[in-house]
Amino acid sequence: MRVITGSARGVRLKTPEGLLTRPTSERVKEAVYSIIQFEIEGSTVLDLFAGTGQMGIEALSRGAKEAVFVDERREACALVRENLRRTRLEQGAHVVQSDYLSYLKGCQKTFDLIFLDPPYREKFLENALNAIWEIDILSDRGIIICERPAEKQLETAFPGLQRGKDYRYGKTWITLFRREDRQM
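Quick note: the sequence shown uses numbering that gives the first Met the number 0, first residue 0, plus one each step.
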């Protein structure tokens, strides 16, 4: 797993041992960043189920202003910090050890890009989408990027969010959401 482009291009990221973290594949990451490439510069990013931190680190490498990495596991947070050191992208990065709902309920920021790649077997994705809208942390120009397995269905509508196109990459679906008042 490596950073694709930007200031940390080519840097290999440390990956976890075991099965608790499932990093986004290189192919899917490249596809996501191809879709959102013009939205990154100067953006504020939330990598909500951070794992290795690779999605937020890629955004920082490509010119995002700030990234917040949230994961409830201490080991994952340590891994994100290590990957930030490897890429020299610590400035503008904040690592928070917290479960996702607690973080969202206390959040005082708005974000331009929100990455959601929760554990696949849970309802975390749906719960996070509802909480993000209720708490109103998506900027006017913001995009939520959701990753889920091909066999997992996702509700078609969430209050206040407009669903964009679904993209399939092998066994992975990527779905984009914006504020309902924005055009896709």
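Ideal Cβ placement from N, Cα and C applies to all residues, glycine included.
Alpha carbons only, please: which of 162, 180, 129 is nearest the one belonging to residue 173?
Working through the sequence shown from its first residue, we reach residue 173 at position 174. For the residues 162, 180, 129, the minimum Cα distance to residue 173 belongs to 162.
Ends of the alpha helix (DSSP H) at residue 95?
Position 96 of the sequence shown, counted from the first residue, corresponds to residue 95. No alpha helix (DSSP H) holds residue 95; the beta strand (DSSP E) holding it covers 92-96.
Taking the C-alpha atoms as reference points, what is the distance between residue 125 and residue 154?
Your numbering for residue 125 matches position 126 in the sequence shown. Your numbering for residue 154 matches position 155 in the sequence shown. Distance between residue 125 and residue 154, taken at the CA atoms: about 8 Å.
Which residue comes first and which comes last in the alpha helix (DSSP H) that contains residue 131?
Residue mapping note: residue 131 aligns to position 132 of the sequence shown, counting from 1. Where residue 131 is concerned, the enclosing alpha helix (DSSP H) starts and stops at 123-134.
Return the chain-ordered list of same chain residues with a C-beta closer than 8 Å to the C-beta of residue 71, the five sequence neighbours on each side being excluded.
The residue you call residue 71 lines up with position 72 of the sequence shown. Leaving aside the five residues that flank residue 71 on each side, the residues in its chain whose CB is nearer than 8 Å to its CB run, in chain order, 96, 97, 98, 99.
Quickly, what does DSSP pair residue 158 with across the bridge? List them, please.
Residue 158 sits at position 159 when you count from the first residue of the sequence shown. Answer is none; residue 158 lacks a bridge partner.
Please work out which residues of its chain come closer than 7 Å, Cβ to Cβ, to residue 31, disregarding the five sequence neighbours upstream and downstream, and give them in chain order.
Counted from its first residue, the sequence shown places residue 31 at position 32. Excluding positions up to five away in sequence, the list reads 144, 173.
Since residue 65 sits in a beta bridge, which residues does DSSP pair it with?
Working through the sequence shown from its first residue, we reach residue 65 at position 66. Its beta-bridge partners are 43.
Assign residue 176 to buried or exposed, taking buried as 16 or more other Cβ atoms, counted over all protein chains shown, within 10 Å of its Cβ.
Counted from its first residue, the sequence shown places residue 176 at position 177. Counting the other Cβ atoms within 10 Å of the Cβ of residue 176 gives 16 or more, which makes it buried.
Which residue's Cα is closest to the Cα of residue 180: 141, 164, 41, 169?
Here residue 180 refers to the residue found at position 181 of the sequence shown. The alpha carbon of residue 180 has as its nearest neighbour, out of 141, 164, 41, 169, the alpha carbon of 141.
If we ignore side chains and look at the alpha-carbon of each, how far apart do residue 39 and residue 152 end up?
Residue numbering aside, residue 39 sits at position 40 when the sequence shown is read from its first letter. Residue numbering aside, residue 152 sits at position 153 when the sequence shown is read from its first letter. One alpha carbon belongs to residue 39, the other to residue 152, and they sit about 28 Å apart.
Is there at least one Cβ from chain C nearer than 8 Å to residue 127's Cβ?
Absent from the structure is chain C; it holds one protein chain and no more.
Excluding sequence positions up to five away, which residues of its chain have a Cβ less than 8 Å from the Cβ of residue 73?
Translated into positions along the sequence shown, residue 73 becomes position 74. The answer, listed in chain order, is 96.
Could you give the DSSP three-state label for residue 24: helix, strand or coil?
Residue 24 sits at position 25 when you count from the first residue of the sequence shown. When secondary structure is reduced to three states using DSSP, residue 24 falls in the coil class, being assigned neither helix nor strand.
For residue 114, three-class secondary structure by DSSP:
Residue mapping note: residue 114 aligns to position 115 of the sequence shown, counting from 1. Residue state, collapsed to three classes: strand.
With residue 177 as the anchor, note down where its beta strand (DSSP E) starts and where it stops.
Residue 177 sits at position 178 when you count from the first residue of the sequence shown. Element bounds for residue 177: 171-178.
Among 16, 57, 94, 47, which residue has its Cα nearest to the Cα of residue 5?
Here residue 5 corresponds to residue number 6 of the sequence shown, with the count starting at 1. Of the candidates 16, 57, 94, 47, the one whose C-alpha sits nearest the C-alpha of residue 5 is 57.
How close, in whole Å, do the beta carbons of residue 44 and residue 123 come, if the pair is a contact with beta carbons under 8 Å?
Taking the first residue of the sequence shown as 1, we reach residue 44 at position 45. Taking the first residue of the sequence shown as 1, we reach residue 123 at position 124. Not confirmed; about 19 Å, so no contact.
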